[in-house]
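> Each number in our numbering comes from the position in the sequence shown (counting from 1) with 7 added on. Cβ coordinates follow ideal geometry from the N, Cα and C atoms, glycine included.
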Amino acid sequence: MSSPCLSVYFAMSVLLQLSVPCGAAGLEFGGGPGQWARYGRWAGAASSGELSFSLRTNATRALLLYLDDGGNCDFLELLLVDGRLRLRFALSCAEPATLHLDTPVADDRWHMVLLTRDARRTALAVDGEARAAEVRSKRRHMEVASDLFVGGIPPDVRLSALTLSTVKYEPPFRGLLANLKLGERPPALLSSQGLRGGAADPLCAARNPCANGGLCTVLAPGEVGCDCSHTGFGGRFCSEEVTHLLLPSVGQDHTLLNVSSFRTLDLL
Numbered sequence: 008m009s010s011p012c013l014s015v016y017f018a019m020s021v022l023l024q025l026s027v028p029c030g031a032a033g034l035e036f037g038g039g040p041g042q043w044a045r046y047g048r049w050a051g052a053a054s055s056g057e058l059s060f061s062l063r064t065n066a067t068r069a070l071l072l073y074l075d076d077g078g079n080c081d082f083l084e085l086l087l088v089d090g091r092l093r094l095r096f097a098l099s100c101a102e103p104a105t106l107h108l109d110t111p112v113a114d115d116r117w118h119m120v121l122l123t124r125d126a127r128r129t130a131l132a133v134d135g136e137a138r139a140a141e142v143r144s145k146r147r148h149m150e151v152a153s154d155l156f157v158g159g160i161p162p163d164v165r166l167s168a169l170t171l172s173t174v175k176y177e178p179p180f181r182g183l184l185a186n187l188k189l190g191e192r193p194p195a196l197l198s199s200q201g202l203r204g205g206a207a208d209p210l211c212a213a214r215n216p217c218a219n220g221g222l223c224t225v226l227a228p229g230e231v232g233c234d235c236s237h238t239g240f241g242g243r244f245c246s247e248e249v250t251h252l253l254l255p256s257v258g259q260d261h262t263l264l265n266v267s268s269f270r271t272l273d274l275l
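Below, the structure is given as C-alpha cells:
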C-alpha cells in the first residue's frame, strides 16, 4: 500500500509534468568527455529535503546526480540505466538501498523528477510514478561533505575522495536539464565544463529572456540568443506557438541561427 507521502509525490509530479519547463535555469549537456556541472552542497540531503528538475534526453545510460560524504560511507547516486531512472544511496556504511523506476525517460520528451530525502528513507518520482526505499543504518541522517555533481564528475575529484568510486566512470549525461531546485530555490552553479545554456554563463544568468525551456546562449559581447529548437515554441524569446511560424528551410542547423527557432537579443 502506498504511503500518504508517496501520494503527494505522485500528485505533484503529475501536475508538474503538464507544464513546459521555463528557461531560467536550462542547461544543455553535450555528453562529451570531461563534461560536468558543480553546484553548491545540498544540505537538505542530510535529513529532510527535496530536489527537483526537468530533463529531456535520448540517452539510455548516464550520470544525472551524485553527492557523498567525501569518501567514507554515505552517498547518493542517480543514474539513467536502460533509459530509466535508478537511485542508490547509503548511510553509515549500511547496505545501499536501490530504487528502479519503470517509466521510460529516454524518449526525447520532457519529464519531471522529484527526489525527497527523509532520514533513512528516500523517495523518487518521475511523471506519474513514485517509489521509496529505506536503508537499515545506525544513523538517521546522511553525512554530506561534497558539492552536488550533475551530469558528470570533475577531473580534479580524486577517486579516494569518492565514496562510490565507480561513479567517475559513468557516461556523462546528454540532453537538456531545466529548473533544478533544492526545495524552492535553485542551487548556486559553482563551475561547469562542456555545457551550454543560460545558467552556464553570467550574462544569461543575469538577464535570461528565453521562455518555455529555451536555452540562452551568448553570441557576442552583450548579445544573447534563444535556442527554441527543443521546446515546441518559437519567436524571439521562445514564447510563440510553433504553428505561428514558418518551417525552417532544408539544411538549416537548429542549434545555430535558425530564424524560427533561434533569435537574438542585444543587451547593450
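What ranges does the beta strand (DSSP E) occupy inside the region 131-202, keeping only unbroken runs of at least 3 residues that lie completely in it?
If we require 3 residues or more, the beta strand (DSSP E) runs fully inside the region 131-202 come out as 136-141, 155-157, 181-189, 196-200.
> In angstroms, rounded to a whole number, what distance separates the CA positions of GLY159 and ALA97?
Counted from its first residue, the sequence shown places residue 159 at position 152. Counted from its first residue, the sequence shown places residue 97 at position 90. In a straight line, the C-alpha of GLY159 is about 20 Å away from that of ALA97.
> Out of curiosity, what's the CA-to-CA distance linking ARG48 and GLU247?
Translated into the one-based positions of the sequence shown, residue 48 becomes position 41. Translated into the one-based positions of the sequence shown, residue 247 becomes position 240. In a straight line, the C-alpha of ARG48 is about 37 Å away from that of GLU247.
> Can you give me the Cβ contacts of LEU197 inside the same chain, cut-off strictly under 7 Å, excluding the 5 residues immediately before and after it?
Working through the sequence shown from its first residue, we reach residue 197 at position 190. Result list for LEU197: ARG45, TYR46, GLY47, ASP154, in chain order.
> Pairing CB atoms from the region 79-89 with CB atoms from the region 50-68, are three or more of them under 8 Å?
Segments in contact, yes.
> In the DSSP assignment, what are the bridge partners of THR75?
Indexing the sequence shown from 1 puts residue 75 at position 68. What sits at residue 75 in the sequence shown is Asp, not Thr. Answer is PHE82.
> May I have the straight-line CA-CA distance separating HIS148 from ASP75, to the nearest angstrom?
Here residue 148 corresponds to residue number 141 of the sequence shown, with the count starting at 1. Here residue 75 corresponds to residue number 68 of the sequence shown, with the count starting at 1. When rounded, the distance between both Cα atoms is 12 Å.
> DSSP beta-bridge partners for ALA104?
Within the sequence shown, numbered from 1, the residue matching residue 104 stands at position 97. PHE96, per the DSSP bridge assignment.
> Just how far apart, CA to CA, sit LEU106 and GLU136?
Translated into positions along the sequence shown, residue 106 becomes position 99. Translated into positions along the sequence shown, residue 136 becomes position 129. Cα-Cα distance, rounded: 12 Å.
> For a test of the three-state rule: what should DSSP assign to ALA53, helix, strand or coil?
Within the sequence shown, the letter at position 46 stands for residue 53. Residue state, collapsed to three classes: helix.
> What separation, rounded to the nearest whole angstrom, lies between the Cα atoms of LEU131 and CYS235?
Taking the first residue of the sequence shown as position 1, residue 131 is located at position 124. Taking the first residue of the sequence shown as position 1, residue 235 is located at position 228. Approximately 29 Å between the Cα atoms of the pair.
> Checking 8 Å against the spacing of the C-beta atoms, do LEU183 and ARG63 come in under that value?
Start at 1 with the first residue of the sequence shown, and residue 183 comes out as number 176. Start at 1 with the first residue of the sequence shown, and residue 63 comes out as number 56. Cβ distance < 8 Å, so LEU183 and ARG63 count as in contact.
> Tell me which residues share the same chain as SER59 and place their Cβ nearer than 8 Å to its Cβ, disregarding the 5 neighbours each side in the sequence.
One-based indexing of the sequence shown puts residue 59 at position 52. Answer for SER59: LEU23, MET119, VAL120, LEU121, LEU122, ASN186, LEU187, LYS188, listed in chain order.
> Taking the continuous beta strand (DSSP E) assigned at ASP125, which residues delimit it?
One-based indexing of the sequence shown puts residue 125 at position 118. Segment 118-125, the beta strand (DSSP E) holding ASP125.
> Does DSSP put VAL249 in a helix, in a strand, or in coil?
One-based indexing of the sequence shown puts residue 249 at position 242. VAL249: helix per DSSP, three-state reduction.
> Going by CA-CA distance only, name the one from GLY242, VAL151, CYS211, GLY220 that's closest to GLU230.
The sequence position of residue 230 within the sequence shown is 223, counting from 1. That would be CYS211, whose Cα lies nearest to the Cα of GLU230.
> State the Cα-Cα distance for the pair GLY190 and GLU150, rounded to the nearest angstrom.
Translated into positions along the sequence shown, residue 190 becomes position 183. Translated into positions along the sequence shown, residue 150 becomes position 143. GLY190 and GLU150: Cα-Cα distance of roughly 18 Å.
> Are the CB atoms of GLY37 and GLY201 nearer to each other than 8 Å?
One-based indexing of the sequence shown puts residue 37 at position 30. One-based indexing of the sequence shown puts residue 201 at position 194. Cβ distance < 8 Å, so GLY37 and GLY201 count as in contact.
> Quick check: what's the CA-CA separation for VAL142 versus SER54?
Within the sequence shown, residue 142 is the residue found at index 135, counting from 1. Within the sequence shown, residue 54 is the residue found at index 47, counting from 1. So the alpha carbons of these two residues sit roughly 13 Å apart.
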